[in-house]
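One structure is given here, and the rest of the page talks about it.
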Amino acid sequence: MIRFPRGIRSRLTILAAVVTALPLLIGVLVVANLLQRSLTANLQHETQHTAAAVTSAVARSGPSGVAGTTSSVSPGTTVHVFGSDGRVVAEYPRESRWTGEVVPGDGTIVRGNKGYWLPGDLDQPLSVQARTTYGGQQFTVLVQASQEAQHEAVSEAAKLVLICIPFLVGGAAALAWVLTSRTLQPVEAIRRQAERITARNLDERLPVGPAKDEVATLATTMNEMLHRLYTAQESQQRFVADASHELRSPVATLQAALEIAATDGHRVSTENAGLMRREADRLQELIDGLLLLTRSDNRGLVLRDRDVDLDDIVFHHATRLASTTDLTVDSQLSPARLQGDPERLDQVVRNLTDNAARHARSWLQVQTVAGDDHVLLTVGDDGTGIAEEDRARVFERFVRLDESRTREVGGSGLGLAIVREIVRAHGGTVQVDRSARGGAQFTVRLPYTSATRR
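Residue numbers for the sequence shown follow UniProt numbering, beginning at 1 and rising by one.
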């Protein structure tokens, strides 16, 4: 069983050799046959001319007239004149042989004029037969010309070309090998560099050549992939570090409270019990948020769609903040019904309003507007706002733009990331801009029905 090389360079070299050899071999056959056809046509014309001269001489002088036409007979050509009884009555050269047979029929008959050439194919002589009469007797003139000289000439020409073919094929293969090697050099450089890149050095990049070709495009694409992997790795490491940091705080508080209770030897005081409950709630909130984001990353959020009055949810949280804070809550609500998961949408509104309440100085605004094919929810405050360069980053996990402030007012650093994932799951978008009073304003755009989700 023949095993072909696996390397691209070897395969392309073999392919170049085959592609070069086949046309050359076919070309040799085509040229040889064209040459054979041309030489045969010339020989036939010459033989017919000789046959016509001999026939005319026999018609004038009988068989003895053949002697007067010998000067027009080419070497390798024989002339035979047959009587009506089929015997040879005249010939040239003397005692020359003839092949085949005399066929019946009038006029000029040409046989053996093959117009093709095959190696080693020695054809029969080219025969021209004609009939004439002299003195009331019928004679048949048979002129035969050997085609061996033409065949040998074509064979020699084909042989010379065939001798050159291996050199041409070898040259084409060598050229293909060199060109393929030069072409694959950047690929080999990319392979060596990619082999050195591990999870510890994802910041390294593959070499991109100066040529704007497919190899450069491949290297650029792989560098973009490495950049995404590097970014994902950094995000994962930052996520793990931030999650560990956030979980450490409530756990440490709980441990301290338990140690105090164990030291006092009494039951846990009401103050410590309240502290422990708050930290436990905070810990539970962190765990729930992490689980939600993990499910979103792995399989996407599973929504339980039903008709939801978004304005009712917003009204509930606006009322809650108005009664539990000193903020002025400005509610501008229009009826806004859509299909969605009521629990998840409630989480969106809660996170946005709680975030606004934490950063507002004295004023908070909530608004719902029903559009042609979507619902708009806006939540704004009069706090310090968010710088334009931080507005995209604020939706990342565990991002705090002001550590000292957020540590005082609370917040897990997951609220806005959860908002973005839930809104995306509903086929909507969320963005942050500057509010009318200089703070932050979050705008959520949600489609009416689940059929319009991407």
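We put the beta carbon where it would ideally sit given N, CA and C, even for glycine.
Check, Outcome
"Run through DSSP, which three-state label would phenylalanine 442 get?", "strand"
"Which residue from Val366, Asp381, Leu301 and Asp307 puts its Cα closest to that of histidine 314?", "Checking the sequence shown, residue 314 turns out to be valine, not histidine. Among Val366, Asp381, Leu301 and Asp307, the Cα nearest to that of valine 314 is on Val366."
"Once the 5 residues before and after valine 18 are set aside, which same chain residues still bring their CB inside 7 Å of it?", "none"
"Starting from threonine 328 and walking both ways along the beta strand (DSSP E), at which residues does that stretch end?", "328-333"
"Does DSSP classify alanine 173 as helix, strand or coil?", "helix"
"For threonine 406, name the three-state secondary structure that DSSP assigns.", "Residue confidence for threonine 406 is low, a pLDDT of 41 falling below 50, so the modelled location carries little weight and cannot support an answer."
"Please list the terminal residues of the continuous alpha helix (DSSP H) segment that includes histidine 49.", "8-61"
"Measuring CA to CA, which of Lys114, Pro75 and His80 is closest to proline 63?", "His80"
"CB-CB under 8 Å to glutamate 204, same chain, minus the five flanking residues each way: which ones, in chain order?", "Gln193, Arg196, Ile197 and Leu226"
"Residues in its own chain within less than 8 Å of glutamine 150 by CB, not counting five upstream and five downstream?", "Gln36, Leu39, Thr40 and Leu43"
"If we call anything under 8 Å between Cβ atoms a contact, is valine 169 one with alanine 32?", "no"
"Determine the extent of the beta strand (DSSP E) in which residue 455 is found, giving its start and end residues.", "This structure cannot settle anything about residue 455, because the visible part of the chain is limited to 1 through 454."
"For valine 28, does the count of other Cβ atoms within 10 angstroms reach 16, so buried, or fall short, so exposed?", "buried"
"Measuring CB atoms only, is the region 380-399 touching the region 316-323, in the sense that at least three cross pairs come out at less than 8 Å?", "no"
"Alpha carbon to alpha carbon, what distance is there between alanine 252 and leucine 218?", "50 Å"
"Closest to histidine 426 by CA distance: which of Leu416, Pro447 and Gly438 is it?", "Pro447"
"Measuring only the C-alpha atoms, how far is glutamine 255 from alanine 280?", "11 Å"
"Could you pull out every residue in the same chain whose Cβ sits closer than 6 Å to the Cβ of residue 461, ignoring the five residues on either side in sequence?", "Since the first residue shown for the chain is 1 and the last is 454, residue 461 is missing from the structure and cannot be characterised."
"Go through its chain and collect everything with a Cβ distance to arginine 437's Cβ below 7 Å, but skip five positions before and after it.", "Trp363 and Asp382"
"How many whole angstroms separate the CB atoms of valine 432 and arginine 391, which I take to be in contact at a CB cut-off of 8 Å?", "5 Å"
"Using the rule of at least 16 other Cβ atoms within 10 Å of the residue's Cβ for burial, across every protein chain shown, is leucine 175 buried or exposed?", "exposed"
"In angstroms, rounded to a whole number, what distance separates the CA positions of threonine 132 and tyrosine 92?", "18 Å"
"One question on the structure: do aspartate 341 and leucine 303 come within less than 8 Å of each other, judged by their Cβ atoms?", "yes"
"Thinking just about the alpha-carbon of each residue, which of His374, Asn351 and Arg94 is nearest to the one in glutamate 421?", "Asn351"
"Would you check if the distance between the CB atom of arginine 337 and the CB atom of leucine 301 is smaller than 8 Å?", "no"
"With which residues is alanine 370 paired in a DSSP beta bridge?", "Val375"
"Taking the alpha-carbon positions, what's the alanine 57 to tyrosine 116 distance?", "34 Å"
"Secondary structure at histidine 316, three-state DSSP: helix, strand or coil?", "helix"
"So what does DSSP say about glycine 380, is it helix, strand or coil?", "strand"
"Candidates Arg445, Asn355 and Glu156: which alpha carbon is nearest alanine 318's?", "Asn355"
"I believe threonine 69 touches alanine 130 by the beta-carbon criterion, under 8 Å. Please report the beta-carbon distance rounded to the nearest angstrom.", "With 8 Å as the limit, threonine 69 and alanine 130 do not qualify as a contact, their Cβ atoms being about 13 Å apart."
"What first and last residue would you give for the beta strand (DSSP E) that runs through histidine 359?", "Element bounds for histidine 359: not the beta strand (DSSP E) but the alpha helix (DSSP H), 342-359."
"Shortest alpha-carbon distance to glutamine 233 belongs to which of Asn201, Ile190 and Thr220?", "Asn201"
"Please state whether DSSP places alanine 149 in a helix, a strand or coil.", "helix"
"Which of the three DSSP states, helix, strand or coil, is assigned to alanine 210?", "Here residue 210 is proline; the residue named in the question, alanine, does not match the sequence. Note: proline 210 maps to coil in three-state DSSP."
"Which residue or residues does DSSP assign as beta-bridge partners of histidine 80?", "Glu91 and Leu142"
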